[in-house]
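Novice: First the structure, then my questions, so here it is.
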Amino acid sequence: MLNSLTSYWRKWRASRHAGHQLDELLAHADPSAPLAVRNQWLIELAHWVQKRGALVNEVREAGEAARYRPHTRLRYLLQMLERNPDWRLPVARTLRSVINESDAISLLCDTGMPVRPGFWGALIERIEKALIPPPPTRRDLSALCSLMFPDGDAADWIAAMPPELLADLIALLHYGEDAEDDADWNPFAEDLLAAMHHLVDQIASTGLSQAVRSRLTYPRVTESPFYRLGRAMQELEEAGQDFAHGAPPSQHFVQRINVFRALLDDCGRAARQVYAHLDENGVSVDIVFQVERAKARIRRLERLLEAWLTQGEDDRATARVRLFADLVHANQASQSVGELARTSFGLLARKVVERSAETGEHYIARNRSEYFAMLKMACGGGLVTVVTVYVKFLITSAHLPTVVEGFLAGANYAICFLFMHFCHFTLATKQPAMTAPAIASKLDDVDTPAGMDAFVGEVIALVRTQAAAIFGNLAMVFPFCLLVQWTVSAALGMNTIPPEKAHATLNSFSILGVTPLFAILTGVLLWFSSLISGWADNWFALHGIGDVLAYNRRLRFVFGRNGAARLADWCRRHIAPVLGNLTLGFMLGLVPAVLTAFALPFEVRHVTLSTGAIATSIGVLGMPALHDPALWLAVAGVGSMALLNVGVSFALAFHMALRSRPLRLGDRRQIHRALWRAVLRNPLVLLFPLRAAQPEARPEK
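In terms of numbering that gives the first Met the number 0, the sequence shown opens at residue 0 and continues consecutively.
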């Protein structure tokens with residue numbers, strides 16, 4: 000039994016590159032066989048053409064002709080048919096029968112295009128295609144091409160096919176057709192025209208949908224290029240009747256072509272107008288998906304039009320082969336889930352990043368006054384954190400169920416974070432995820448000296464701002480946590496936490512344990528909360544919640560017109576930070592509880608919260624704690640928390656900001672050298688702001 004399974008497994012692995020011999024395939028070509036059998040024969044023939052490895056006694060040409068091995072195999076196939084004339088006619092008739100009986104419109108229109116409406120439908124469609132290949136029994140050429148060309152490089156060798164090889168293949172297709180009763184086996188021209196009509200209908204349907212139409216500036220729908228496109232296509236077909244039968248293009252036909260192409264350009268500009276509206280008023284993934292699909296169909300329509308208008312047998316054949324190569328490439332790209340996600344979420348990611356950048360601009364201290372303002376805000380945040388630390392100790396001392404304890408801890412964090420926000424205080428390490436997009440926006444101009452200086456100055460200002468936030472938090476949380484413990488001990492004769500808990504707290508923060516890993520995961524949570532904040536701002540703008548509130552009849556009745564407008568503006572300014580703080584608070588409380596329930600222990604390691612816990616433990620243990628190595632290992636652990644909380648959240652946000660926009664990074668080494676030069680010139684600039692240079696006093700005359 001085991002030997003049989005092993006044998007089947009080896010055969011399965013070998014079948015990936017296995018195939019029939021060429022002489023066997025050519026000898027069994029049967030134009031009268033069922034379509035599924037002929038399709039399977041053509042699939043095996045295509046696999047042989049693309050098979051790796053050299054042929055027996057292969058003599059490859061030098062130079063560009065030797066670039067693609069399938070070209071060599073196609074020449075060998077033609078030589079085999081010349082040496083065996085009895086195979087030539089069945090092979091040609093089989094190829095013609097497959098083309099004649101298959102649906103080419105699916106290949107011309109649907110290849111590379113998501114069929115299901117909406118992003119999620121397209122995502123499910125691509126996953127299904129990846130898991131379930133189409134059967135060879137279907138009539139559409141799109142499915143047949145998917146089975147014939149599974150590799151991504153097939154489009155390259157098809158597009159680079161030499162003219163003489165292409166001419167020989169065309170001659171093979173036409174071999175013996177004069178002797179057949181039905182010589183009209185290739186309805187490609189009619190299918191091309193029908194595919195163009197189908198694409199025009201699909202483009203117009205998307206452009207006239209409410210989601211797209213409401214984001215265009217045309218006062219009347221009849222002025223939209225999407226509305227006029229269908230009529231222009233009909234007029235183009237009527238004017239090209241003679242051209243389709245071989246006549247030279249008339250002046251009227253040329254005019255219709257120019258009008259049609261101008262409308263296609265107008266449709267492309269309208270799609271960009273939709274993007275501009277989304278960029279300003281919030282992004283919807285489904286709308287981005289619909290517009291991207293319409294743009295892809297416009298590009299496909301232009302390629303079909305080019306192939307339809309090409310004159311001359313040789314030029315027409317070359318144009319059709321290049322079109323076929325484009326279709327094969329599009330078919331491969333349409334199977335990529337990652338490409339769909341990048342295309343549809345790219346604009347949303349950029350908008351979320353830009354919303355975060357607008358918020359992050361307020362968290363970068365560029366001069367001494369802003370630095371000390373940040374220091375004061377951080378001191379306020381440190382005072383609030385003292386309350387957070389002791390409420391957290393109170394919750395854990397109750398020994399509640401894990402999930403209940405996590406929920407209460409999350410509520411504690413969230414309430415304190417919201418209190419900080421509305422009091423204009425700051426919690427250290429929360430800003431990097433918001434400031435990274437603002438830093439990334441400076442990379443647009445790093446190819447100029449002024450742009451490089453601006454980028455370096457922004458990075459240094461960010462690091463200095465984080466130093467101020469950490470200094471301010473720790474300057475308040477450490478002494479006041481000690482003060483609370485000493486006050487409780489002196490007034491009530493008891494400790495806020497048991498000594499055993501204090502020892503366990505110090506040991507849990509040791510840098511030699513899992514503290515660095517937990518600090519990294521905490522940085523991920525900090526970054527994710529910034530994503531939620533940016534998404535909330537985008538959602539608020541996309542759905543026009545501000546206008547809904549400002550023009551709500553009942554709100555105007557209660558607060559008045561100006562009051563409703565002020566309420567809408569207040570919500571617009573606070574929706575992102577409120578939701579971000581709520582998300583961060585409950586994630587810091589619930590994520591450890593949920594992971595622990597699944598036997599994945601995780602604890603929050605935040606520099607400010609952990610410093611407060613260490614200060615409380617020192618107050619409980621007294622002076623002997625200063626001689627305990629666990630204390631100094633915990634202090635080192637807090638230092639790693641500061642670096643990792645800031646570094647991880649900033650790195651993730653910075654990477655997302657770079658990926659969300661087409662940035663020219665320039666020379667990375669030049670950027671690194673510029674940063675190092677600025678730091679080595681004065682290392683203290685990373686921690687403290689420099690005094691502005693005083694202008695020199697001019698001597699009195």
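Built from N, CA and C at the ideal position, the CB exists for glycine as well.
(1) Touch check for the segment 268 to 283 and the segment 251 to 260: three-plus C-beta pairs under 8 Å?
(2) Just to confirm my understanding: we take Pro224, look at its own chain, exclude 5 residues before and 5 after, and list those with CB closer than 7 Å. What are they?
(3) By Cβ distance, which residues of its chain are closer than 7 Å to Ile531, with the 5 residues on each side in sequence left out?
(4) Could you check the C-alpha separation between Ala238 and Ile169 for me, to the nearest Å?
(5) Hey, Leu674 and Phe601: beta-carbon distance below 9 Å or not?
(6) Using the beta-carbon count (16 or more within 10 Å), is Glu63 buried or exposed?
(7) For Asp139, write down the residues that DSSP places opposite it in a beta bridge.
(8) Relative to the alpha-carbon of Trp307, which residue among Arg367, Glu291, Phe242 and Phe406 has its alpha-carbon at the smallest distance?
(9) My output table needs one value for Lys294: the three-state DSSP class, helix, strand or coil.
(10) Roughly how far, in whole angstroms, is the beta-carbon of Met586 from the beta-carbon of Leu524, given that I think they are within contact range, below 8 Å?
(11) Starting from Arg319, trace the alpha helix (DSSP H) in both directions and tell me its first and last residue.
(12) By Cβ distance below 6 Å, which residues in the same chain neighbour Ala629 in space, the five residues on each side in sequence not counted?
(13) Please determine, among Arg227, Cys480 and Leu651, the residue with the shortest C-alpha to C-alpha distance to Phe392.
(14) Applying the 10 Å Cβ sphere with the 16-neighbour rule, what's the burial state of Ala121?
(15) Using the beta-carbon count (16 or more within 10 Å), is Ala377 buried or exposed?
(16) Hey, out of Asp200, Gln49 and Arg66, whose CA is closest to Ala159's CA?
(17) Give a yes or no on contact between the segment 468 to 484 and the segment 365 to 382, applying the rule of three or more CB pairs nearer than 8 Å.
(18) Going straight from the alpha carbon of Leu683 to that of Leu516, what length do you get?
(19) Helix or strand or just coil, what does DSSP make of Leu426?
(20) Does the structure place the segment 18 to 30 close enough to the segment 83 to 94 that three or more beta carbon pairs sit under 8 Å?
(21) Under the rule that 16 or more other beta-carbon atoms within 10 Å means buried, what is Ile157, buried or exposed?
(22) Start and end of the alpha helix (DSSP H) containing Leu511?
(23) When you compare only the Cα positions, how much space is there between Ala540 and Ser528?
(24) Looking only at its own chain, which residues have a Cβ that is under 7 Å from the Cβ of Leu566, when we skip the five neighbours before and after it?
(25) Just curious, the alpha helix (DSSP H) that Leu73 is in, first and last residue?
(26) I'd like the list of long-range same chain contacts for Ala563, defined as Cβ closer than 7 Å, with 5 residues on each side in sequence excluded.
(27) Compute the beta-carbon to beta-carbon distance between Leu685 and Ala466, rounded to the nearest angstrom, for a pair I have assumed lies under 8 Å.
(28) So what does DSSP say about Glu702, is it helix, strand or coil?
(29) Mind reading off the beta-carbon distance from Gly701 to Gly522? Whole number of angstroms is fine, and I expect it under 8 Å.
(30) Quick one: grab the DSSP three-state call for Met373.
(31) Between which two residues does the alpha helix (DSSP H) harbouring Ala158 extend?
(32) Report yes if the C-beta distance between Glu81 and Arg87 is below 9 Å; otherwise report no.
(33) Roughly how many angstroms lie between the CA atoms of Leu34 and Ile104, to the nearest whole one?
(34) Could you pull out every residue in the same chain whose Cβ sits closer than 8 Å to the Cβ of Leu171, ignoring the five residues on either side in sequence?
(35) Between Leu198, Gln201, Ala188 and Ala166, which has its C-alpha nearest Asn99's C-alpha?
(36) With a cut-off of 8 Å, do at least 3 Cβ pairs link the segment 416 to 424 to the segment 593 to 609?
Specialist: Working from what's here:
(1) no
(2) Leu262, Asp265, Cys266 and Ala269
(3) Leu578, Gly579 and Thr582
(4) 30 Å
(5) no
(6) Because the pLDDT at Glu63 is just 46, under 50, the model does not fix this residue reliably, and the value given afterwards should be weighed accordingly. By the neighbour-count rule (16 or more Cβ atoms within 10 Å), Glu63 is not buried but exposed.
(7) Asp102
(8) Phe242
(9) helix
(10) 5 Å
(11) Glu312 to Ala332
(12) Leu505 and Asn506
(13) Cys480
(14) buried
(15) buried
(16) Arg66
(17) yes
(18) 29 Å
(19) coil
(20) yes
(21) buried
(22) Taken as a continuous stretch (DSSP letters only), Leu511 belongs to no alpha helix (DSSP H), as it is neither H nor E.
(23) 19 Å
(24) Leu548, Leu554 and Phe558
(25) Arg68 to Arg82
(26) Leu548, Ala549, Asn551, Leu554 and Arg555
(27) 7 Å
(28) In the structure as shown, the chain begins at 0 and stops at 700. Residue 702 is therefore absent and cannot be evaluated.
(29) The question about residue 701 has no answer here: the residues shown for the chain are numbered 0 through 700.
(30) helix
(31) Ala153 to Ala158
(32) yes
(33) 18 Å
(34) Leu77, Leu80, Arg87, Val90, Ala91 and Leu94
(35) Ala188
(36) no
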